[in-house]
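Structure first, commentary second.
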Ligand SMILES: [Zn+2]
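Residue numbers (the numbering used here): 2 to 428.
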């Protein structure tokens with residue numbers, strides 16, 4: 002009998018060490034120097050990065066892969082996207098939503114993305130999206146963690162039935178409480194929605210994740226209320242603010258007061274750089290704002306920040322591949338996180354930092370952890386962001402669920418090597 006079901010040898014681990022990982026059933030049984038051990042299957046990872054899987058803390062699975070149905074977003078704005086989604090959800094069936102979501106999950110698995118937090122619209126009286134996503138969560142459970150957020154897209158107070166429907170969705174088993182305070186009719190309603198939704202989460206023992214201040218309006222300050230409510234209700238470490246784009250445009254003096262309040266309340270944050278750079282600043286001429294929230298400044302205050310993908314081929318965004326390295330790549334540029342430590346942190350924001358936000362159980366590379374990991378055709382985390390390379394093997398709960406060959410180019414040049422891999426290490 003082999004000691005391990007699966008043995009990964011000589012991988013470059015995220016902490017910079019080289020090591021072997023021995024897997025028994027769905028858990029990491031040993032990690033370190035395991036030379037001389039036996040295994041039913043061995044994967045040689047010499048020179049390749051072995052990482053815990055990618056985590057996407059912000060997505061819209063009910064809308065994904067619907068681009069062009071029934072039309073495209075001509076203005077490229079958030080508001081036209083919301084209007085277009087309203088048309089789409091009228092005509093989409095549960096089966097179509099399930100089929101599109103499962104196709105997206107296939108893409109995700111092939112990219113080593115094994116945990117996704119998805120918002121699901123709870124404003125439609127039929128709750129078709131909720132029904133579809135609960136079905137998808139169950140189907141993908143053996144290989145992908147799908148966490149669902151009850152998201153009253155048309156406004157918890159603004160839409161007449163959103164409140165009742167959001168509570169129904171939670172009763173049906175949706176995991177997290179969402180909201181959209183900047184879309185309520187008034188600042189006062191926005192505040193009231195945050196208060197009420199946080200109370201619902203506290204009563205039910207649920208996490209909170211709101212679309213918060215996804216606007217270029219510097220006076221959109223619902224994040225302040227979110228921090229206040231997290232503090233008041235004892236929800237520290239359980240509340241996330243998604244987008245927070247208004248922070249980009251806020252007065253610096255106000256932000257100097259806000260950041261410590263967010264830290265004290267244990268708020269986490271999820272910017273969505275691909276979407277923020279595309280959707281924000283649409284009302285500007287020049288200079289045009291970037292619209293990404295203050296990532297480094299939050300991190301300097303000890304606030305956990307993860308990168309979110311948000312959209313792939315839907316009413317808000319025409320591109321996307323389920324590759325969290327695309328997201329980290331864009332985020333790194335827009336937030337100007339170019340020191341070696343910051344670049345490594347950008348990789349962690351697509352892995353371990355986001356895993357904290359989702360409260361994932363057994364996540365990471367340690368003995369006893371869940372045997373879920375990804376082997377990349379890159380030497381280290383920084384190179385992974387630079388190359389966004391093939392996921393050579395993706396392992397979920399001890400099972401190899403996806404494999405991709407290296408994408409080496411063959412060269413035919415006089416006096417030059419026959420192939421090229423584009424690896425490059427500093428001496
Ligand atoms: Zn979103």
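Where a beta carbon is used, it is the ideal one built from N, C-alpha and C, also for glycine.
Computed from a predicted model, the values in this text were never measured in an experiment.
- Under the DSSP assignment, residue 42 falls in the beta strand (DSSP E) whose first and last residues are 40-45.
- Counting the other Cβ atoms within 10 Å of the Cβ of residue 74 gives 16 or more, which makes it buried.
- Spanning the alpha carbons of residue 289 and residue 305 requires a straight line of approximately 28 Å.
- Excluding sequence positions up to five before and after residue 398, its CB lies within less than 8 Å of the CB of 27, 143, 144, 371, 372 and 373, all in the same chain and listed in chain order.
- Annotated three-state conformation of residue 244 is strand, per DSSP.
- Between the C-alpha atoms of residue 111 and residue 404 there is a straight-line separation of about 7 Å.
- Closest in C-alpha terms to residue 208, from the list 217, 198, 48 and 313, comes 198.
- Looking only at 88, 224 and 105, the smallest Cα-Cα distance to residue 188 is reached by 224.
- Counted as a single uninterrupted DSSP element, the alpha helix (DSSP H) harbouring residue 276 occupies residues 274-280.
- Judged by their CB atoms, residue 50 and residue 379 are nearer to each other than the 8 Å cut-off.
- At a Cβ-Cβ threshold of 8 Å, residue 105 and residue 62 count as neighbours.
- Looking only at 337, 248, 116 and 320, the smallest Cα-Cα distance to residue 357 is reached by 116.
- From the listed residues 170, 173 and 213, the smallest Cα separation to residue 191 is found for 213.
- As the crow flies, the alpha-carbon of residue 84 is around 59 Å from that of residue 38.
- Taking 8 Å as the upper bound for CB-CB distance, residue 283 and residue 249 are not in contact here, some 13 Å apart.
- Distance from the C-beta of residue 120 to the nearest heavy atom of ligand 1 is below 7 Å.
- In terms of CA proximity to residue 9, 31 leads the group 165, 263 and 31.
- In the three-state reduction of the DSSP assignment, residue 181 falls in the coil class, being assigned neither a helical nor a strand state.
- Going by DSSP, residue 355 is part of the alpha helix (DSSP H) stretching over 353-359.
- In this structure, residue 243 has its CB closer than 7 Å to one or more heavy atoms of ligand 1.
- Remark: the C-beta of residue 311 is in contact range of ligand 1, defined as less than 7 Å to any heavy atom.
- Shown here for residue 318: same chain residues with a beta carbon closer than 6 Å to its own, the five before and five after excluded, namely 276 and 312 in chain order.
- For residue 148, the uninterrupted beta strand (DSSP E) run begins and ends at 146-152, by DSSP.
- Pairing residue 185 with residue 158 gives a Cβ-Cβ distance under 8 Å.
- Distances between the C-beta of residue 59 and the heavy atoms of ligand 1 include at least one below 7 Å.
- In this structure, the CA atom of residue 222 is about 17 Å from the CA atom of residue 267.
- Excluding sequence positions up to five before and after residue 302, its CB lies within less than 6 Å of the CB of 260 and 264, all in the same chain and listed in chain order.
- With respect to the 8 Å criterion, residue 163 and residue 131 are not classified as neighbours on the basis of their beta carbons.
- Distance from the Cα of residue 342 is smallest, within the candidate group 322, 351, 327 and 382, for 382.
- In the DSSP secondary-structure assignment, residue 318 is bridged to 315.
- Under the 10 Å beta carbon count, residue 407 is surrounded by fewer than 16 other beta carbons and is classified as exposed.
- Shortest gap from the CB of residue 212 to any heavy atom of ligand 1: under 7 Å.
- A straight-line Cα-Cα distance of about 34 Å links residue 369 and residue 331.
- In the structure shown, residue 5 adopts extended strand secondary structure according to DSSP, grouped into three states.
- The beta carbons of residue 315 and residue 67 sit closer together than 8 Å.
- For the pair residue 409 and residue 420, the CB atoms are nearer than the 8 Å cut-off.
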